[in-house]
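Here the protein sequences come in this chain order: A and B. Start counting the first sequence at 383; every next residue gets the next number (this note's numbering). Start counting the second sequence at 174; every next residue gets the next number (this note's numbering). Where a beta carbon is used, it is the ideal one built from N, C-alpha and C, also for glycine. Owing to the predicted nature of the structure, the values given are computational and were not obtained by experimental measurement. Working notes, beginning with the structure itself.
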Amino acid sequence: MTDSQPTKDYQVDREQLITELRALVPASCLLLEDEALRPYECDGLSAYRQIPLLVVLPETIDQVQAILRCCYRLEVPVVARGAGTGLSGGALPHEQGVLLSLAKFNGIIDINPDRRVARVQPGVRNLAISQAADAYGLYYAPDPSSQIACTIGGNVAENSGGVHCLKYGLTVHNIQQLQIISMDGEMLTIGGSGLDTQGYDLLALMTGSEGLLGVIVEVTVKLLPKPERAQVILAAFDDVVKAGEAVGNIISAGIIPAGLEMMDSLAIKAAEDFVHAGYPVDAEAILLCELDGTNEEVSAQILHVKKLLQQSGSTEVRTAKDEQERMTFWQGRKAAFPAVGRISPDYYCMDGTIPRNQLPRVLKAIADMSQEYELPVANVFHAGDGNLHPLILYDANRPGELQRTEEFGGKILELCVEVGGTITGEHGVGMEKINQMCVQFASAELTQFHALKAAFDPKGLLNPGKAVPTLHRCAEFGAMHVHHGKTAFPDLERF
Amino acid sequence: MTDQDISTTLQSQVMQAIETEGALFIHAGNSKDFLGNTVLGVPLDVSPHRGILKYAPTELVITARAGTPLQEIEAALDEHNQILAFEPPHFGDTATLGGTIACNLSGPRRVSEGAARDFVLGTHIINGRGEMLHFGGEVMKNVAGYDVSRLMVGAMGTLGVLLDVSLKVLPRPQLERTLKRVCVHDEALKYLHQWAVQPLPISASCYDADSLYVRISGTEAAVDAASKKIGGETIEDAQFWQGVKEHTHGFFRTHKPLWRISLASDTPLPALEGKWLYEWGGALRWFISNEPAEKIQAFAQSAGGHATAYRNHPSEHDAFQALPDALATLHQRIKQAMDPAGIFNPGRMFNKL
Numbered sequence: 383m384t385d386s387q388p389t390k391d392y393q394v395d396r397e398q399l400i401t402e403l404r405a406l407v408p409a410s411c412l413l414l415e416d417e418a419l420r421p422y423e424c425d426g427l428s429a430y431r432q433i434p435l436l437v438v439l440p441e442t443i444d445q446v447q448a449i450l451r452c453c454y455r456l457e458v459p460v461v462a463r464g465a466g467t468g469l470s471g472g473a474l475p476h477e478q479g480v481l482l483s484l485a486k487f488n489g490i491i492d493i494n495p496d497r498r499v500a501r502v503q504p505g506v507r508n509l510a511i512s513q514a515a516d517a518y519g520l521y522y523a524p525d526p527s528s529q530i531a532c533t534i535g536g537n538v539a540e541n542s543g544g545v546h547c548l549k550y551g552l553t554v555h556n557i558q559q560l561q562i563i564s565m566d567g568e569m570l571t572i573g574g575s576g577l578d579t580q581g582y583d584l585l586a587l588m589t590g591s592e593g594l595l596g597v598i599v600e601v602t603v604k605l606l607p608k609p610e611r612a613q614v615i616l617a618a619f620d621d622v623v624k625a626g627e628a629v630g631n632i633i634s635a636g637i638i639p640a641g642l643e644m645m646d647s648l649a650i651k652a653a654e655d656f657v658h659a660g661y662p663v664d665a666e667a668i669l670l671c672e673l674d675g676t677n678e679e680v681s682a683q684i685l686h687v688k689k690l691l692q693q694s695g696s697t698e699v700r701t702a703k704d705e706q707e708r709m710t711f712w713q714g715r716k717a718a719f720p721a722v723g724r725i726s727p728d729y730y731c732m733d734g735t736i737p738r739n740q741l742p743r744v745l746k747a748i749a750d751m752s753q754e755y756e757l758p759v760a761n762v763f764h765a766g767d768g769n770l771h772p773l774i775l776y777d778a779n780r781p782g783e784l785q786r787t788e789e790f791g792g793k794i795l796e797l798c799v800e801v802g803g804t805i806t807g808e809h810g811v812g813m814e815k816i817n818q819m820c821v822q823f824a825s826a827e828l829t830q831f832h833a834l835k836a837a838f839d840p841k842g843l844l845n846p847g848k849a850v851p852t853l854h855r856c857a858e859f860g861a862m863h864v865h866h867g868k869t870a871f872p873d874l875e876r877f
Numbered sequence: 174m175t176d177q178d179i180s181t182t183l184q185s186q187v188m189q190a191i192e193t194e195g196a197l198f199i200h201a202g203n204s205k206d207f208l209g210n211t212v213l214g215v216p217l218d219v220s221p222h223r224g225i226l227k228y229a230p231t232e233l234v235i236t237a238r239a240g241t242p243l244q245e246i247e248a249a250l251d252e253h254n255q256i257l258a259f260e261p262p263h264f265g266d267t268a269t270l271g272g273t274i275a276c277n278l279s280g281p282r283r284v285s286e287g288a289a290r291d292f293v294l295g296t297h298i299i300n301g302r303g304e305m306l307h308f309g310g311e312v313m314k315n316v317a318g319y320d321v322s323r324l325m326v327g328a329m330g331t332l333g334v335l336l337d338v339s340l341k342v343l344p345r346p347q348l349e350r351t352l353k354r355v356c357v358h359d360e361a362l363k364y365l366h367q368w369a370v371q372p373l374p375i376s377a378s379c380y381d382a383d384s385l386y387v388r389i390s391g392t393e394a395a396v397d398a399a400s401k402k403i404g405g406e407t408i409e410d411a412q413f414w415q416g417v418k419e420h421t422h423g424f425f426r427t428h429k430p431l432w433r434i435s436l437a438s439d440t441p442l443p444a445l446e447g448k449w450l451y452e453w454g455g456a457l458r459w460f461i462s463n464e465p466a467e468k469i470q471a472f473a474q475s476a477g478g479h480a481t482a483y484r485n486h487p488s489e490h491d492a493f494q495a496l497p498d499a500l501a502t503l504h505q506r507i508k509q510a511m512d513p514a515g516i517f518n519p520g521r522m523f524n525k526l
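Have a look at this one:
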């Protein structure tokens with residue numbers, strides 16, 4: 383997977399750049415030696431690797447501005463990086479570029495309980511915000527699985543979700559203000575202290591822009607009161623289709639669970655072997671349904687949901703008897719990825735979203751392709767909001783298996799688009815899904831994206847080659863598919 | 174009126190405007206004419222482009238053409254006991270989905286559930302090159318490409334013509350109750366902030382300089398329990414929130430300038446002459462006043478917010494508070510990226526946009 387995006391040539395004079403940067407930041411903030419650069423060669427998607435020209439770790443906003451002004455003048459690409467936990471290669475370095483690490487911006491500036499907001503630096507870990515807000519009975523709702531390690535700057539750049547976003551929304555719904563530095567070094571305040579701002583919704587445009595529009599140096603997040611009570615129900619099914627229908631039945635009944643997760647047989651077994659969460663290993667699918675709110679509300683909804691699950695053909699319905707069991711139920715789900723990592727030398731995590739009613743058809747198609755490609759798949763699913771994470775199991779040491787995996791993964795994403803969904807629900811496009819963007823969008827939309835990018839970054843220096851493919855690249859990718867003789871899944875209805 | 178697709182007609186009108194370098198005044202029901210600055214341009218009537226395209230209650234998604242009356246959408250949702258959770262004001266019977274989204278109009282429930290922009294999942298638009306584009310989709314989570322759908326929300330038609338919009342919808346709460354207590358200003362803010370940090374199902378709040386009103390939503394047991402914690406008398410006026418939302422509440426009966434100020438919720442009462450009505454836990458303040466715009470805007474800015482001349486504004490320009498220079502420049506570049514010929518609603522929001 384070293385197919386890097388063909389981008390314009392950057393004529394960077396490394397020695398000149400180093401000389402100029404030395405005047406802007408202390409020597410300790412500049413990493414130049416190969417062994418110091420090595421840890422930055424990839425993010426959470428380790429199949430893509432690239433050593434950057436150099437790494438700079440600024441300590442102040444002034445330094446960030448100065449670095450960007452310098453790179454702007456010398457026309458040096460800049461890739462911003464938080465904790466490097468991203469799963470789409472969004473923080474993959476540029477070979478001619480500066481890798482700008484925001485790791486030193488790790489302070490919580492202020493928590494204001496009256497306004498229910500926290501002002502934090504971008505390198506603050508997601509979970510650290512909730513831990514700091516806990517003293518006020520508040521928390522930050524979006525909880526990506528990597529929340530122990532991932533940082534809020536990266537969360538904004540990727541518009542991260544988590545298991546609770548059906549009820550509490552994504553990052554875009556939970557931030558109020560950003561301070562960003564534009565590529566030419568200007569500081570902009572986006573958003574404000576009120577619930578809305580005038581002018582264009584730049585907060586939405588910045589969120590999920592994958593580091594292509596500006597460098598985030600401060601984030602004001604919204605905080606919520608911790609729910610009085612959270613309770614989780616585990617339901618087992620002998621058929622994934624029934625589990626999918628149960629999800630629809632819960633939502634039809636007017637209940638929005640805090641979390642609604644599905645795992646299939648292979649994922650259940652892997653998780654159970656790993657963390658012994660007490661999952662029924664003979665089930666074809668399990669649902670984890672978390673309800674939160676006031677004590678009275680949760681009590682009423684638990685009874686209602688249990689009944690709905692039984693009516694939907696569940697073979698077993700269990701309610702966590704205490705907080706410890708609730709954590710155990712969730713531990714199995716949250717450990718699903720590493721659990722799959724134990725049963726296979728490598729796995730490749732996909733991130734498509736589909737309309738929920740397409741679940742049976744998509745799971746069937748994935749199962750068929752799994753046989754065709756001779757690669758097993760474990761499915762973990764944010765069932766409430768239709769975000770599917772098929773994990774393709776493979777062994778990178780077997781010749782050709784990585785290529786087969788990548789092709790299989792690409793087919794899954796194209797299938798998601800064909801049933802009316804999207805190639806990425808929460809992991810971002812980055813480097814990984816750049817080709818599938820050509821399936822999701824026509825050239826007019828891609829051209830519009832490039833025009834918007836140019837409004838922020840006319841020289842095209844911020845994270846070049848990521849997130850939005852060039853039309854040239856799409857033409858080549860399209861040609862490849864014509865060469866194969868047919869589009870994917872010609873038997874499927876088109877939406 | 175019947176459902177119809179006039180997107181190609183709209184597209185050719187846009188193409189014509191591009192060729193003649195003429196301005197377009199995008200409108201449908203004209204219910205938001207009072208909002209923003211006056212646009213001089215050839216009317217582009219989106220109202221015939223109407224109809225609900227798709228509504229799947231179990232998916233919590235509705236897609237409708239921009240000219241669809243808001244009433245029609247809310248009626249369709251009501252049949253399945255669902256709502257637009259941002260509780261948009263209509264400001265008249267002719268309100269359409271397109272106008273609501275273009276103005277990012279959100280009502281009392283915004284304080285707990287979010288604004289119109291929070292519920293937009295996808296859009297089809299015509300941009301300033303006359304191209305029909307599709308952004309976002311009909312699924313809850315979608316991070317492919319820049320979030321152009323949300324960029325359209327609140328842009329007041331200056332970036333393109335909305336053709337259709339997909340929205341997330343939510344179940345209607347089982348029960349709602351409104352509690353009232355008489356209190357002075359500082360007490361009201363104190364209560365609001367006390368309650369806001371507790372897990373209480375408050376779905377609206379309003380302070381009218383005399384009494385504090387809160388609406389609680391949820392299951393019957395939850396509403397009962399929250400009522401005990403919050404206290405105050407239950408009011409039976411089912412139209413109260415409707416009045417606040419639609420500006421038919423007595424407070425809004427005035428010929429003086431009405432300002433909408435969005436700011437930090439804990440901002441103290443400023444030394445400005447006028448009448449106040451608060452919503453959104455103190456973060457939205459309606460202000461009837463003859464004070465000069467500069468004073469009101471300076472107050473809003475000092476509280477991290479902004480003031481909009483909402484109704485009865487003497488000038489036809491400057492309804493919105495000026496942006497800082499760097500942001501204004503960025504806005505112009507974004508406008509240029511979406512609408513290079515500058516044909517869509519020029520000046521409706523800001524000069525040069």
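Give the DSSP-derived three-state secondary structure of residue i in the structure shown.
i: Phe-877 (chain A); result: The predicted position of Phe-877 (chain A) is uncertain, since its pLDDT is 34 and thus under 50; no value can be drawn from it.
i: Ser-220 (chain B); result: coil
i: Val-139 (chain B); result: Since the first residue shown for chain B is 174 and the last is 526, residue 139 (chain B) is missing from the structure and cannot be characterised.
i: Cys-798 (chain A); result: helix
i: Thr-533 (chain A); result: strand
i: Asn-494 (chain A); result: strand
i: Arg-283 (chain B); result: helix
i: Cys-731 (chain A); result: strand
i: Gln-822 (chain A); result: helix
Can you confirm whether residue i, when its beta carbon is compared against all beta carbons of chain B, has any partner nearer than 8 Å?
i: Tyr-776 (chain A); result: no
i: Pro-639 (chain A); result: no
i: Thr-442 (chain A); result: no
i: Ser-694 (chain A); result: no
i: His-865 (chain A); result: Reliability of the predicted coordinates at His-865 (chain A) is poor, the pLDDT of 30 falling under 50, and the value obtained from them is presented with this limitation in mind. Not one chain B Cβ lies under 8 Å of His-865 (chain A).
i: Pro-408 (chain A); result: no
i: Ala-837 (chain A); result: yes
Which partner residues of residue i appear in the DSSP bridge assignment?
i: Tyr-521 (chain A); result: A:Leu-606
i: Thr-236 (chain B); result: B:Lys-227 and B:Ser-339
i: Leu-306 (chain B); result: B:Ile-298
i: His-771 (chain A); result: A:Val-762
i: Leu-570 (chain A); result: A:Ile-562
i: Leu-616 (chain A); result: A:Leu-670 and A:Arg-700
i: Tyr-451 (chain B); result: B:Tyr-380 and B:Arg-458
With 8 Å set as the bound, which would you pick, yes or no: does the beta-carbon of residue i sit closer than that to a beta-carbon of chain A?
i: Tyr-319 (chain B); result: yes
i: Trp-449 (chain B); result: no
i: His-490 (chain B); result: no
i: Arg-323 (chain B); result: yes
i: Glu-311 (chain B); result: yes
Counting along the chain, where does the alpha helix (DSSP H) carrying residue i start and finish?
i: Pro-758 (chain A); result: No alpha helix (DSSP H) contains Pro-758 (chain A), which DSSP labels as neither H nor E.
i: Leu-332 (chain B); result: Premise fails: Leu-332 (chain B) is in no alpha helix (DSSP H) and is neither H nor E.
Would you mind giving the Cβ-Cβ distance between residue i and residue j, rounded to the nearest angstrom? I have them listed as a contact below 8 Å.
i: Gly-318 (chain B); j: Gly-295 (chain B); result: The Cβ separation is near 11 Å, so there is no contact.
i: Leu-352 (chain B); j: Glu-406 (chain B); result: 7 Å
i: Ile-491 (chain A); j: Val-538 (chain A); result: Not confirmed; about 15 Å, so no contact.
So does residue i have its beta carbon nearer than 7 Å to some heavy atom of the ligand HEM?
i: Ser-694 (chain A); result: No copy of the ligand HEM occurs in the structure displayed, which carries no ligand at all.
Go to residue i, then tell me how far its beta strand (DSSP E) extends in each direction, as first and last residue.
i: Ile-562 (chain A); result: 557-563
i: Val-437 (chain A); result: 436-438
i: Phe-198 (chain B); result: 197-200
i: Thr-579 (chain A); result: Where Thr-579 (chain A) is concerned, there is no enclosing beta strand (DSSP E), given that its DSSP letter is neither H nor E.
i: Asp-646 (chain A); result: 641-646
i: Arg-354 (chain B); result: 348-355
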